[in-house]
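Taking this note's numbering, the leading residue of the sequence shown gets 1101, the next gets one more, and so forth.
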Amino acid sequence: MRAIAVSEFGATPALMNLPVPAPGPGEMLVKMVAAGLNPTDWKISDGMLKDEVDHAFPLVMGMDGAGVVEAVGEGVTPFRPGDQVYGQFFLPPRGLGSFAEFAIAGPGAAVAKMPDSMIYSEAAAVPTATMTAFNMVETAGVGVGHTVLIVGATGGVGQSAVQLAAGRGAKVIATAHADMADEMRRLGAAETVDYGGADRPGDVSEQVLRAHSAGIDEIIDLVSDQAGVERLAGLLRLGGTYISSVWAVHPDKMAAQALRGLNFDNEASPALLAEIAGLIDAGSLRITVREEVSIEDAPATIARARAGGSRGKIVIRP
């Protein structure tokens, strides 16, 4: 099978021909139709998890995907061959991932039936980003009447977070360059703030404070470093919550300011994916794929995404 893999940690991703894996007990073999690209993918291939789990090489990249069940191992009951599924397909001890013509879903993997209303490319863009967004909004305690700032709103996680927070009845402020402001409002943002550029270096905290002098309830931050977090934390009212997906929060410092500071660790599950599928089929959540590329073009696309040259979700067609 064709796959995008690395020969060692930190190696350049390359198109390789590898054996089709066989499903063991509790596993299922899935023919991948589409695979979603996430920053986590290249972080893992760089060795982010090397001290936590074993990795076999060549290591196929990719976690998210959607496809058709090809075969199931002993003890697999929820699925059968022919089922359309989506979720996370990553088994580093076997060197397997989703950027391949075939992938393995291991026991307990976050895999569920595809939403009826979605095509494969859309479904492949959902799992990691949308589960992260769902859990962050839930953990932050976003609720009816709250005002929440989402920093990094134009990425895959951010776009889902905007919709999910707005769906809970919150007033959403989304950071976005001017050319993405209309899209953010279509997704449910009540306001957008331009986080600047060479022509407009506007400071997010100043822009938000002008409109919300009494403070806001939650900040969901997907991008800021520690210095950025310290600047933005001043926007929160007493008792407000700051949650960071990049572990840039100092909870003790936040507590000293009567704030709740959280560094977020995502928990994926089949049940959560099934719940998300229900939201998608109900029209409460929309997933936008910005770009689809062939597996041959994937290495160059990954390099471009790493360099910050992409916006929104990218899907690879194995």
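Just so you know, even glycine gets a beta-carbon here, dropped at the ideal spot from N, CA and C.
Note that the structure is predicted; figures quoted are calculated from it, not measured.
Exposure label - residue i; buried when at least 16 CB within 10 Å
i	result
residue 1175	exposed
residue 1219	exposed
residue 1298	Low per-residue confidence applies at residue 1298: pLDDT is 42, beneath 50, and the placement is therefore not dependable, though the value from the model is reported in the following sentence. When all chains shown are included, residue 1298 counts as exposed.
residue 1338	exposed
residue 1150	exposed
residue 1177	exposed
residue 1378	exposed
residue 1304	buried
residue 1104	buried
residue 1199	buried
residue 1418	buried
residue 1311	exposed
residue 1340	buried
residue 1313	exposed
residue 1259	buried
residue 1141	buried
residue 1301	Low local confidence applies: a pLDDT of 37 at residue 1301 is under 50, so the model's placement there is unreliable, with the coordinate-based value given in what follows. Its Cβ having fewer than 16 others within 10 Å, residue 1301 is exposed.
residue 1113	buried
residue 1327	exposed
residue 1127	buried
residue 1401	buried
residue 1408	exposed
residue 1185	buried
residue 1356	exposed
Of the residues the options, the one placed nearest residue i, counting alpha carbons only
i	options	result
residue 1370	1213, 1385, 1418	1213
residue 1158	1332, 1188, 1125, 1109	1109
residue 1281	1269, 1271, 1294, 1272	1294
residue 1173	1189, 1403, 1207, 1161	1207
residue 1291	1366, 1249, 1326	1249
residue 1148	1115, 1358, 1192, 1274	1192
residue 1169	1183, 1195, 1256	1183
residue 1336	1418, 1327, 1354, 1382	1354
residue 1120	1133, 1101, 1106, 1107	1101
residue 1262	1279, 1241, 1233, 1240	1233
residue 1118	1128, 1112, 1106	1106
residue 1253	1344, 1227, 1154	1344
residue 1412	1264, 1239, 1226, 1210	1226
residue 1180	1171, 1187, 1186, 1188	1171
residue 1122	1115, 1154, 1130	1130
residue 1323	1187, 1197, 1352, 1342	1342
residue 1368	1187, 1408, 1142, 1156	1187
residue 1134	1141, 1222, 1256	1222
residue 1238	1251, 1407, 1185, 1320	1320
residue 1235	1215, 1132, 1275, 1265	1265
residue 1390	1125, 1283, 1144, 1216	1283
residue 1144	1359, 1111, 1382, 1380	1111
residue 1155	1194, 1361, 1381, 1307	1194
residue 1362	1329, 1334, 1383	1329
Residue i Cβ short of 7 Å to the ligand HEM heavy atom set
i	result
residue 1253	Annotation note on the ligand HEM: not contained in the displayed structure, which lists no ligands.
Limits of the beta strand (DSSP E) - the one that residue i falls within
i	result
residue 1274	1271 to 1275
residue 1105	1102 to 1106
Whole-Å CB distance - residue i paired with residue j, under 8 Å assumed
i	j	result
residue 1387	residue 1416	So it is not a contact: roughly 16 Å between Cβ atoms.
residue 1136	residue 1167	Residue 1136 to residue 1167, Cβ: 12 Å. No contact.
residue 1115	residue 1399	7 Å
residue 1318	residue 1240	5 Å
residue 1161	residue 1228	That pair is no contact at about 13 Å.
residue 1289	residue 1278	Wrong, their Cβ atoms sit about 13 Å apart, outside the cutoff.
residue 1215	residue 1381	5 Å
Enclosing alpha helix (DSSP H) for residue i [first to last residue]
i	result
residue 1143	1139 to 1145
residue 1167	Run containing residue 1167: none in the alpha helix (DSSP H); it sits in the beta strand (DSSP E), 1164 to 1172.
residue 1185	It is not in any alpha helix (DSSP H) - residue 1185 instead sits in the beta strand (DSSP E) that spans 1184 to 1188.
residue 1235	1227 to 1240
residue 1328	1326 to 1333
residue 1306	1304 to 1311
residue 1353	1351 to 1356
residue 1384	Segment: none, residue 1384 is in no alpha helix (DSSP H) and carries neither H nor E.
residue 1264	1256 to 1267
residue 1405	1398 to 1406
residue 1342	That residue, residue 1342, is in no alpha helix (DSSP H); its beta strand (DSSP E) goes 1336 to 1344.
Review point. Does the stretch 1345 to 1359 touch the stretch 1367 to 1381, meaning 3 or more C-beta pairs lie closer than 8 Å?
Key: no
**Study point:** the stretch 1270 to 1284 / the stretch 1230 to 1249 touching (three or more Cβ pairs under 8 Å)
**Key:** yes
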